[in-house]
Structure formats: C-alpha cells, structure tokens
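A short write-up of the structure that comes next.
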Amino acid sequence: MPFSLAGGFQVYLQGNRQIAMGLCGVGLVQDAAGLSINPASLSFLKQNSVYLGGNLILANTAYRQQYPGQYTTNSLPSTGTPFNVYANVGLMADKRMQLGVGVYTPYGSSIAWPEGWIGRFAMVETKLQTIYYQPTIAYRISEKLGVGAGFIYARGSMLLRKALPIDGQDGSEGSLSMQGSGNGFGFNISAFYKAGKQINIGFDYQSSVKLLLLNGQADFSVPLSLAASFPDTKFSSSITLPAMLSFGFGYHPSHEITLAFDINYNLWSSYDTLSFDFAVNNSTLKDIHSPRLYRNAVAFRLGAEYLLKNKWAFRGGAFYDMSPVQDGYLTPETPDSDKIGISFGFGVKPIDRLSIDASFLYAEGALRSDTNIESGFSGSYKTKILIPGLSLQFSF
Amino acid sequence: MNRVPKIYVIFLLALFSGLLACHPLLPVPEFTSGEADFTNYLAVGNSLTAGFSDAELYLEVQSNSYPALIAAQMKTSFKQPLVKDEYGVLGPHLTLSLSTNCLGDPGLRPVPVTGILDSGNTNNIFQSEGPFNNMGVPGIRAIHLGLPGYGLLNPYFGRFQSSMLSSVLNDAMLIQPTFFTCWLGSNDILTYALNGGNDNNNPFFNISDKAMFESSMNVILSTLTANGAKGVVANIPDISGIPFFNLIPYDGLILDQAGADALTQYYASEGIVFDVGNNPFIIEDLSQSSPGFRPMQAGELLLMSIPQDSLKCGSWGSLRPIPAKYVLNTGEVDLIQQATRDFNDIIANLCDLYNLPLLDMNHYFESVKSGIYFNGINFSSKYISGATFSLDGIHPTQRGYAMIANEFIRVINNRYHASIPWVDVGAYPGVKFP
Chain A
65 MPFSLAGGFQ VYLQGNRQIA MGLCGVGLVQ DAAGLSINPA SLSFLKQNSV
115 YLGGNLILAN TAYRQQYPGQ YTTNSLPSTG TPFNVYANVG LMADKRMQLG
165 VGVYTPYGSS IAWPEGWIGR FAMVETKLQT IYYQPTIAYR ISEKLGVGAG
215 FIYARGSMLL RKALPIDGQD GSEGSLSMQG SGNGFGFNIS AFYKAGKQIN
265 IGFDYQSSVK LLLLNGQADF SVPLSLAASF PDTKFSSSIT LPAMLSFGFG
315 YHPSHEITLA FDINYNLWSS YDTLSFDFAV NNSTLKDIHS PRLYRNAVAF
365 RLGAEYLLKN KWAFRGGAFY DMSPVQDGYL TPETPDSDKI GISFGFGVKP
415 IDRLSIDASF LYAEGALRSD TNIESGFSGS YKTKILIPGL SLQFSF
Chain B
11 MNRVPKIYVI FLLALFSGLL ACHPLLPVPE FTSGEADFTN YLAVGNSLTA
61 GFSDAELYLE VQSNSYPALI AAQMKTSFKQ PLVKDEYGVL GPHLTLSLST
111 NCLGDPGLRP VPVTGILDSG NTNNIFQSEG PFNNMGVPGI RAIHLGLPGY
161 GLLNPYFGRF QSSMLSSVLN DAMLIQPTFF TCWLGSNDIL TYALNGGNDN
211 NNPFFNISDK AMFESSMNVI LSTLTANGAK GVVANIPDIS GIPFFNLIPY
261 DGLILDQAGA DALTQYYASE GIVFDVGNNP FIIEDLSQSS PGFRPMQAGE
311 LLLMSIPQDS LKCGSWGSLR PIPAKYVLNT GEVDLIQQAT RDFNDIIANL
361 CDLYNLPLLD MNHYFESVKS GIYFNGINFS SKYISGATFS LDGIHPTQRG
411 YAMIANEFIR VINNRYHASI PWVDVGAYPG VKFP
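Here you go:
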C-alpha cells in the first residue's frame, strides 16, 4: 500500500497534524494520533475522541543504468493510501487514565517497475503491507508525568515478483511470484514529561515485530521441460519490522507558538537477511537467503505550529531521514537513500468539537548509485514523494 | 478572516506543482566516440567473432554476434555476411530436446535441429553484398589470416571471400577500417585440444608454431593499424573454463560394490583397484604398448564429444578403455596451457608495440568459471545452466556474447575515452528450453 516514505520500508505517517510539522510529535500533546508515536501523551488529553485520517502517497523513482549506459526508466506510478483510525476515552477524575485503540500503518512499501525492464531479474514488483492494531492505556501519574503502553497486533502481507533468466524456445521468459501473509506481536511504551511551563519531553520505544509468513505461495512460470524442476510450492518467511526509539522535545514560547524537535533511532540492523524457505526443494530450487544487512539509522525532525484565534493552526516542518541500506545492498525493491523532506499544513475547527487537519509533504531521496553485491545489478536511483493528507477528529 | 481562504489556494497550488515535480528524471550521458573513429568498424576473428553457437553458424545468433552488438551501440553501420537460414551452414545446429538415452532415462539433451540443409549456403555472396565489416571466420587460425586462397580450405570463408585467391586479412582491409576489434588465436590451440591432442599426428591438428604465430599476429596488427586505425585486441581463453573439456569428470565412473568387485577382478593382473562410488575412467594410453591402458588421473580431461551411449551403456571407461582421441592426458594439457600462456604473452607484447589496449578475455573466462552475477543473471561456465555457453560447450550463447560485447565496450571506453553505452545483456537469450 504505502510507498516507503522514511528509511527502508518505514512509513511513519501517524497523523496529519504531525506530518505537517515535519513528522514531529513525540514531545507534543496534540491529538489521538499520539497513540502511535507516544501513547503517554494521551494521558494529557482532557477529552475523548475519535480520529480518522488518511494520506495519498504519490511516489516515483527514476532509474538510470551505470555510466555510460543510456537506459533509463521510471517506476510505475504508485499511489499508496495509508490510513489511521484512533479512538480514546478518558477515565477517572480529570480523565487521568485514557484507554485507546489505534489502527495504523507504520511500515510498508510498494514499487513496481515496467515489465521487461532491465532490472527484471532482480525485481519487477514488490509490495509490503502492514497494519498495526494497538490497544493502549495511558496514565497521568502527576501533572508533570504521564506513561503509556500499547500492545501491538500486526498483520502483514507481501508480494514479490520478478523475472527469471530462463528462456523458452517459444521466446518466453521465466518468472516467479511469491505471496504470503501473516501476523506478529509487539508493544509500544512511552513516557511524557512536562519539564517546565514551556517545555515537554517525550520518549517512546516501539518494539520490533516479527511478521511470520507461514503459508506463502510461490508460483513459477518456466518452460514446460523445466516444470518439474521449478514446482509451485508453499513457502515460509519472516520479516522483522524494526524497533524504534524516539525522543521528542516540545517548546511553547507562547500560547500561539509550538516548536518541536524529534529524533527517531530506527533499529534496522534486525533486518539482516530476507529468507524464503520453500516447502519443496530440489537441485535447482533451493531456499533463498538474500542478504540485506541494514544498519541502524537516525531521522531528525523539526516542526512548528502557529495558532490563530484558537480556530486556525498553521504548521510547517522539515526532516532528514538517513537510509538504513548500506552500499552494495541497494535493490530496485527498496531504492533507498538519505531523504530530505519539507511539509506544511493547516488545521481548522469549524465547530468546537471537530478538528480538520490537512497536510502536505514533499520528500526527495538523494541520487544514489550502487551495484548490488548479490544480483550484480547496478544503477542510479532518484526518488520523489508527495503526500497530501486529511484527518478528522471528533472530540467529546 | 477574509485572508484565510487564501490558504486553500496556496494549498492547491502546492499540490499541483508537487504532482508535476513527482516524476524524477535522470539525464542520460551522451554517446561520444572519444579519441576513436567508429565510422568503419572492422571485426576480425574466428567463430566467436562470426557469431557461431550451438555447433553451427545460423541467422539468429549471427545477427547478434558480439561485433554486431558493439556496432549497434557505436551507432555505426555494420555489414555481416549473413547466412540464409536458422539451420546451419554445413549441418544442423543443436537444440535442446527431451529424449531418452541408452539407459532409458528421460532428460533434456542437445539434438540436431530438424530441417533441411540448403546446399546454396556456401554460395559466394561477396558480389551481391560485400565487402563486410564482420570478418570472423569459423575455424580460422591467426596463422592463416593472411593465407591467399584460404577460402578453398574453409567454406565458411569461401562463401564471402572477394576472390578465389584472396586472404581474410586482405578482404578485411576492403572496408578501410577506422577502428577494429581483433580476437584471434583460439583455433591455433583449440584444434589440437578438440582432437584429443592429435594422437595421429595429423598436420592440420597441431598447435600453431610459436614463431609463426608471432609473425602472423605482427603482420595482422601492422596491417590493421597501417592507416591509423585504432582498435582493441583480445587474448585467448584457457580451456579450463570451457565446458567441452570439463563436463565429464575424470573420476565419473560410479560403481556399486558388485561393479567395483567385478572390475577389480577384471583388472587384477594390472593391479587396478575399484571402489564403491567415484572411480577414474580407464583410458587408452598410447605411450605404453602393454597393457596400453590405465586409470585416468586428476587434471586429465575428457572431451564432451565422447559418445555418451558408449560411455553409459557400452562399458567405455570401465571394461573398454576410452579411446585416446577423447582424452587430453597430462602432457597434452600441459602443452595446451603452455601454448595459451606463450600466445597470450605474444599478444600482450604486440599490444604494447602497436599501442593497442588488451582485452584479457582469458581473465574474463576465468572469472566466469567461478560464477559472476550481472543484472540479476548468474553467469558461470556450467553447461546449459550457466547462461554463458551454448549447447556445443565451446561457443557462447547470445547472452554470453552480449557479455563479451560489454567487455570490449569497457576496454574501448577506458582507452579511448569514449562513452559507448552498455549492451542490454538480458535482451538476448541464453540456452533455450523446450
């Protein structure tokens, strides 16, 4: 569904108020979307709310063959529609305990290249979708400190498609398609501290989630004489969605102005190898162990908000997101590079109980050239991403 | 409050401009010929240059010979002496087919393609189509390039020679080359190797004389460069990376206990002992009159041309020694490898002398032997599955030739500061399966 916005296949589109502020929010009390990036912040929400948000991801990657090659192409137009739904209800005096549930899409990636493109033996299409379901509890211990915790149930699915360099006498070319889905578990714990009248600090740890894909289906298309060597078979695999440590700082120099600074530390090194264990093996069909060797990566984010007459909010932000993909491991499946992004947006309260937030984000990956060690596929990639989004929150 | 609606306008404008911006484009480098002039590109060479594959020269592969691929990337016109059909000039080319062997085992095996040989294949086409840019002649040795009347000996040249008494080198110069690639020398050694070391002393099968090879290459390169043409010279791949000499292991005689016991008893007088599992084949040994056979040794090579039925069902290599013409013994392998080193030294020295870049094809095939990945394709020297070699076990597939074209392009670009774009290797097939 979503094209990966952040490093690797992370999406990190938690809510449009946050997106408009450079994806900051760990150190802010904003709205129900805080459930995903800092559940503890909910304990300072003095309301119940229902939140519905969505984004449209328009992303495109250009590929160019290594110098002095003249082959160039673009990935097929990709439109992801990540969404999030949050609800929270306050209990106890002054709503110091909040119960909530969130449904959101922190990881995912989708990219398809033209059929027959030069890198088809490495990858034609890949699609990873995840949905996190997170029941959450937040508790305000004192007027300064709140804590929160969520349990994550994740569902995910993946699709990989590539051509095989096996030629038929009829002019055909082999192909492989693998599809699977599965689930995994994790947790999300956080703390929120009002260090002073103007300064908030947030901390969040989202655990890794190991998605087990147990009943995948691999379909081979090969010339008839090789059909027995490449039988369609079940496969099992797993993908570890990495853990993430986040620190956020919120600064409120006045009632109208909010400034935010977030750091995400993504523990991508858990993504070591992409393995596929085929139920059937033979001398030609062996299990796949494809090295990824991701490294941990940091993202820095800045955001600002200006309130006008308690009805309008204008927001802007920027971020720098470092790629977890090391040189020698860049693939057309995740043509990742360090990304720089800007965002802005606005919020409005047409009536007291309703907030509408719109955001607009533009990000660009640095031009990156590499030769993948495993596939010997070389080239340069350049990615541009555009994400408009809209959220509605009803508070009561 | 009337300022506020402007935010919508700004937002929409940003959205539209963003939509336009969301299609990154990467500018491609311009093609330049650098210090070289590709106007008249000449390729001289043997079967590899001609586009020979699957044991014959046929239209599909010839059309995609590596010089034709290079010329297309150079954006220069290039005329080849194209054959008439997809069959073969002197006989059928090989194709993969499901068949059963003498043991009744079904499997994919190379068989001659069905069709009819066109007797007009060897009719001369020079008058109507010549002169030609691709002067690759299947079977030719470097020492024969300047031989007048060579077309009488070799119908592959006879079909496009300019006259009965012309030489290949003479005809090559007819296009007045401004640039050339030269890949010669394989047949100066390979003819000997393919005949199992020329045990019958056929004068046509010997390894070329070293001094004659040197003087011939010298004449060839001085002729090619005489008018200031620039070019590239490729050297000779060692036979160790060629499936034809490596498909059947020396110890491919696989026995069970009963078989091993029976053979041990059979060869008791020679004291040859057989074990369960892999055993060396028994080969004919011409160096000794009695007993005239012995077990094969590691490092000795069996040729792929050995009749498979005799090996599997005719007791060849066990009860009957494999005839020496299918074996390269240690001495013969040494001779071949020494000649490869010597000839490659000569080629390297002449490259220095004529200030030409050397394409180390020997090194390239050495790297293929251990397997290389390119564009997601695994190239190795494995027969059939390795993508590199065609069904004859000696000549590349179209995909293998495309890789070779890129090796030439790499050297040309480096030496002459040209920017010839790469050949799309994946666009050309490897071995085709039914």
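Chains as they are written, first to last, in the numbering used here: chain A, 65 to 460; chain B, 11 to 444.
By construction, the Cβ of each residue, glycine as well, lies at the ideal position given by its N, Cα and C atoms.
Only a predicted model underlies this, so the values are computations on that prediction, with no experimental measurement involved.
Residues of chain B with a Cβ closer than 7 Å to the Cβ of alanine 186 of chain A are, in chain order, Gly386. Chain A has a Cβ within less than 8 Å of the Cβ of proline 34 of chain B. Rounded to the nearest angstrom, the gap between the Cα atoms of leucine 231 of chain B and valine 433 of chain B is 27 Å. The contact set of phenylalanine 399 of chain B on chain A, defined by CB atoms closer than 9 Å, is empty, because the minimum CB distance reaches about 14 Å. Taking C-beta separations shorter than 7 Å and ignoring five residues to either side along the sequence, the partners of phenylalanine 294 of chain A in its chain run Phe284, Val286, Thr348 and Leu349, following chain order. Taking a C-beta cut-off of 7 Å against chain B, the contacting residues of the stretch 134-145 of chain A are Gln134, Tyr135, Thr136 and Asn138, listed in chain order. Excluding five sequence positions before and after phenylalanine 342 of chain A, the CB atoms of its chain that fall closer than 7 Å to its own CB belong to Ala282, Thr297, Phe299, Leu349 and Asp351, given in chain order.
Following the DSSP letters along the chain, one finds asparagine 208 of chain B in no alpha helix (DSSP H), marked with neither H nor E. When C-alpha distances from valine 188 of chain A are compared across A:Pro170, A:Ser239 and A:Ala213, the shortest belongs to A:Ser239. By the criterion of at least three beta-carbon pairs nearer than 8 Å, the stretch 102-120 of chain A is in contact with the stretch 201-218 of chain A. Annotation: asparagine 50 of chain B is outside any alpha helix (DSSP H) and is labelled neither H nor E by DSSP.
Below the 9 Å Cβ cutoff, chain B contributes no neighbours of glutamate 189 of chain A, its closest Cβ being approximately 14 Å away.
Closest in C-alpha terms to proline 431 of chain B, from the list B:Ser250, B:Leu35, B:Gly440 and B:Phe418, comes B:Phe418. Just so you know, the alpha carbons of isoleucine 282 of chain B and cysteine 323 of chain B end up roughly 21 Å apart. Taking asparagine 119 of chain A as reference, the option from A:Ser423, A:Phe410 and A:Ile195 with the minimal CA-CA separation is A:Ser423. With contacts defined as CB atoms closer than 8 Å, asparagine 133 of chain B and glutamine 90 of chain B fail to qualify as a contacting pair. Close to chain B, meaning a Cβ-Cβ distance shorter than 7 Å, are the following residues of the stretch 211-239 of chain A: Pro229, Ile230, Asp231, Gly232 and Gln233. Along the stretch 33-53 of chain B, the positions whose C-beta sits under 9 Å from a C-beta of chain A are His33, Pro34, Leu35, Leu36, Pro37, Val38, Pro39, Glu40, Phe41 and Thr42, read in chain order. Threonine 194 of chain A is bridged by DSSP to A:Gly220.
Using beta-carbon distances, glutamate 397 of chain A does not count as an interface residue toward chain B, since no partner is under 8 Å. Residue pairing by DSSP puts alanine 382 of chain A in a beta bridge opposite A:Leu366 and A:Ile406.
For lysine 240 of chain B, the enclosing beta strand (DSSP E) stretches over residues 240-244. Here aspartate 231 of chain A is near proline 439 of chain B, since their CB atoms are less than 8 Å apart. If you check each beta-carbon in the stretch 107-130 of chain A against every beta-carbon of chain B, the ones closer than 8 Å belong to Leu122, Ala123, Asn124, Thr125, Ala126, Tyr127, Arg128, Gln129 and Gln130. Taking the beta carbon of lysine 446 of chain A as reference, the chain B residues within 7 Å of it are Pro34 and Leu36, listed in sequence order.
Neighbours of serine 289 of chain A in chain B, taken as residues at a C-beta separation under 9 Å, are given in chain order as Leu106, Ser107, Leu108, Leu118, Phe443 and Pro444. In the displayed model, isoleucine 382 of chain B falls within a strand according to three-state DSSP. With its beta carbon at least 8 Å from every one in chain B, serine 285 of chain A lies outside the interface.
Note: alanine 278 of chain B is not bridge-paired with any residue in the DSSP secondary-structure output. Between the alpha carbons of threonine 398 of chain B and tyrosine 76 of chain A lies a gap of roughly 45 Å. In the three-state DSSP reduction, serine 300 of chain B falls in the coil class, being neither helix nor strand. No Cβ-Cβ contact shorter than 8 Å links leucine 104 of chain B with proline 116 of chain B.
Residues of the stretch 402-426 of chain B whose Cβ lies closer than 7 Å to any Cβ of chain A, in chain order: Asn423.
Between asparagine 56 of chain B and leucine 194 of chain B, the gap from beta carbon to beta carbon is short of 8 Å. Restricted to the stretch 309-367 of chain A, the beta strand (DSSP E) segments that are unbroken, complete and at least 3 residues in length are 321-331, 337-342 and 352-355, listed in chain order.
With the criterion set as a beta carbon lying under 7 Å from some beta carbon of chain A, the stretch 56-84 of chain B has no members that meet it.
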